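Comments concern the structure below.
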Amino acid sequence: MAVVHIPAQNRDLTDVAEIREFLAPFGIWYENWDVAGRIGAAATNEEILAAYEPEINRLKQQGGFVTADVINVNPSTPNLDAMLAKFDKEHTHSEDEVRFTVEGNGVFHIHPENGPVFSVTVTSGDLINVPRGTKHWFNLCSDRKIRCIRLFEDMTGWAPHYVDQPVHEQFAPLCMGPSYFEVASGSQAPRGFSE
Ligand SMILES: [Fe+2]
4 MAVVHIPAQN RDLTDVAEIR EFLAPFGIWY ENWDVAGRIG AAATNEEILA AYEPEINRLK
64 QQGGFVTADV INVNPSTPNL DAMLAKFDKE HTHSEDEVRF TVEGNGVFHI HPENGPVFSV
124 TVTSGDLINV PRGTKHWFNL CSDRKIRCIR LFEDMTGWAP HYVDQPVHEQ FAPLCMGPSY
184 FEVASGSQAP RGFSE
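Mapping of the sequence shown onto the numbering used here: residues 4 to 198, in sequence order.
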């Protein structure tokens, strides 16, 4: 389940309906899909696409997407740091960035034109789109692992366009998931900072 964190308001949203309502004015869709038992631990990318075919087809019709693929990122991914460095700086794309998280975690920071920066921490079962032209950046969480279904209208549209006067350095790449809340409610410091 996703967590939305709005640092300027010291506010967190964890309820699906509340998250959807908060994100809608920014043109961001959020859905939480039931993932229990849908794929095995060793599922291939093809098996993942087959398992989620009904949802993928619905999204293609809804958003005009043409292709879907699976991206699999983990600590053994070659050139992981260089890959992450492309997307952890504030940028936009000329098409929507649509991601369904199959496994792992990540955090999207969104910088709206009108309103404070907020983060959306995604985990298994979370679908989010970042509309074209929306300023954002992405970090992995401390486990540095994510497996996502991506939808594209045209893969060339997904190149990052870096913004002038970016603000990403002002925000900690803090992943706020269940482990954050469990630990934060105890006596230890919150976990979940990206490395
Ligand atoms: Fe992006």
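The C-beta atom is built at its ideal place from N, Cα and C for all residues, glycine as well.
None of these values were measured; they are calculated from a predicted model.
Distances taken from the Cβ of E21 to the heavy atoms of ligand 1 include none shorter than 6 Å. With respect to the 7 Å criterion, V7 and F121 are classified as neighbours on the basis of their beta carbons.
C151 has I74, T104 as its beta-bridge partners, per DSSP.
Classified as buried, V105 has 16 or more neighbouring CB atoms from the shown chains inside 10 Å of its CB. A straight-line Cα-Cα distance of about 12 Å links V19 and I131.
Shown here, T159 sits in a helix according to DSSP, grouped into three states.
Nearest to N75 by alpha-carbon distance, out of C144, L62, T47, is T47. In this model, I59 and D146 are separated by some 27 Å (Cα to Cα).
Residue range 48-54 is occupied by the alpha helix (DSSP H) that includes N48. Under the DSSP assignment, F25 falls outside any beta strand (DSSP E), being part of the alpha helix (DSSP H) whose first and last residues are 19-26. Judged by DSSP secondary structure, L130 falls within the beta strand (DSSP E) whose first and last residues are 129-133. By the C-beta density criterion, T126 is buried, having at least 16 other C-beta atoms within 10 angstroms. Beta-bridge annotation (DSSP): V123 is paired with V7, F111. Look at E100: its beta carbon is less than 6 Å from one of the heavy atoms in ligand 1. Beta-bridge pairing by DSSP links L87 to no other residue.
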